[in-house]
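Let me begin by presenting the structure, written as C-alpha cells, before commenting on it.
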Amino acid sequence: MALAYSGIECELRELVLRDKPADMLKHSPKGTVPVLITTSGEVLDESSAIMLWALEQHDPDDWLQNQAASMQLIKHNDHSFKPLLDRYKYADRYPELSAAEHRELTLPHLEMLNQRLHKSAFLLGDTIRLADTALFPFIRQYAFVDKPWFDELPFTELQQWLNGLLDAALFQTVMPKFKLFNDGYSHHFPSGQQKTT
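Under this note's numbering, the sequence shown has 201 at position 7, and the numbering climbs by one with no breaks.
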C-alpha cells in the first residue's frame, strides 16, 4: 500500500515461500517477505523499512506526520500483538492454550486500538498515517480468523476503521491475485500488468 500510495513502480514477484528462488535468498538470506531491492541495490527486508523508504520518496498526504508515535505503535504491534495473533491463528501449533484462550490474550490490544479510534477517525488523528497502514494488515488477518465473532465484538470504532480501509481504493488497487513468480510470472506494480520471465 505504501509503494502504491507513493507512486513507486516496481517489479512484483509473488512467491510460494516453500519454493524460494535462489535470487531472493542471494539478496536476503533470511528468506522472509517482503523484500524490496531498490534501483541502487539496497535490500530492505522489513515491512516498516520498506514503508519508510517509500514515504521518504513521496508522501503527498503526510503519512509520516507524527512518525515517532507511528513507530511506537508499530513496535508494540510487532513485538506484543503479532506473537499473540500467530498463536490465535495457528492455535493447533500452540496446544498449551485453547484457541479461545489464545484469542482472549489479544483483546487488550484491540481495546487499546478501539479507544484510540473512539477519539479520532484514524489511530493518530483524523487523517491516515503510517501507523494505520502498517497495523491494518494484522487487524485484517485477525478479523478474518473468525469474522462473525470479530463483528460481534464491542469494538465498533475498530470495526469501522477496518472496513473503511478494506473498502478504500488504495487497498483494492494492491490486492488482486497475482500469478506466481515460481511459475514464471512477474508483474508491473501497482499497475498489475503481467510480465513473463
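Don't be surprised by glycine CBs; every beta carbon is placed ideally from N, CA and C.
Smallest Cα separation from residue i: which of the options?
i	options	result
Ser242	Ile333, Gly378, Tyr336, Thr327	Thr327
Gly225	Thr233, Ala216, Thr232	Ala216
Lys220	Val237, Leu279, Lys373	Val237
Pro370	Val229, Tyr284, Phe383	Phe383
Ala262	Met218, Ala325, Ser274	Ala325
Ser264	Tyr379, Asp255, Phe338, Ile322	Ile322
Thr448	Asp320, Asp253, Arg287, Asp272	The requested residue 448 does not occur in the structure, where the chain is confined to residues 195 to 391.
Asp255	Gly235, Ser222, Asp320, Tyr379	Asp320
Leu197	Glu208, Trp355, Asp253	Asp253
Met306	Ser274, Ala294, Met218	Ser274
Leu347	Ala363, Leu258, Pro302	Pro302
Leu361	Arg334, Tyr379, Pro342	Residue identity check: residue 361 is Asp in the sequence provided, not Leu. When only C-alpha atoms are compared, the closest one is Arg334.
Tyr336	Trp247, Lys276, Thr233	Lys276
Ala294	Cys204, Trp343, Gly378, Ser234	Trp343
Based on the DSSP secondary-structure assignment, which residues constitute the bridge partners of residue i?
i	result
Ser292	None; Ser292 has no bridge partner.
Ile322	Answer is none; Ile322 lacks a bridge partner.
Glu208	Leu374
Ile231	Val237
Phe316	Gly319
Suppose contacts are defined by Cβ-Cβ distances below 8 Å. Is residue i in contact with residue j by that definition?
i	j	result
Ile202	Gln251	yes
Leu317	Leu304	no
Leu249	Ser200	yes
Arg281	His270	no
Leu206	Phe372	yes
Asn376	Asp213	yes
Leu359	Phe365	yes
Leu209	Met218	yes
List the whole-angstrom C-beta distance separating residue i from residue j, where the pair is believed to meet the contact cut-off of C-beta under 8 Å.
i	j	result
Phe332	Leu279	6 Å
Val368	Met195	6 Å
Lys283	Val227	Contact flag wrong, Cβ pair sits at about 17 Å.
Within 8 Å of any Cβ in chain D, is that where the Cβ of residue i sits?
i	result
Asp256	The structure shown contains no chain D, having only a single protein chain.
How do the region 346-362 and the region 305-325 stand: do at least 3 beta-carbon pairs fall below 8 Å, yes or no? For the pair of segments examined, the region 346-362 was found to touch the region 305-325: the number of CB pairs separated by less than 8 Å reaches three.
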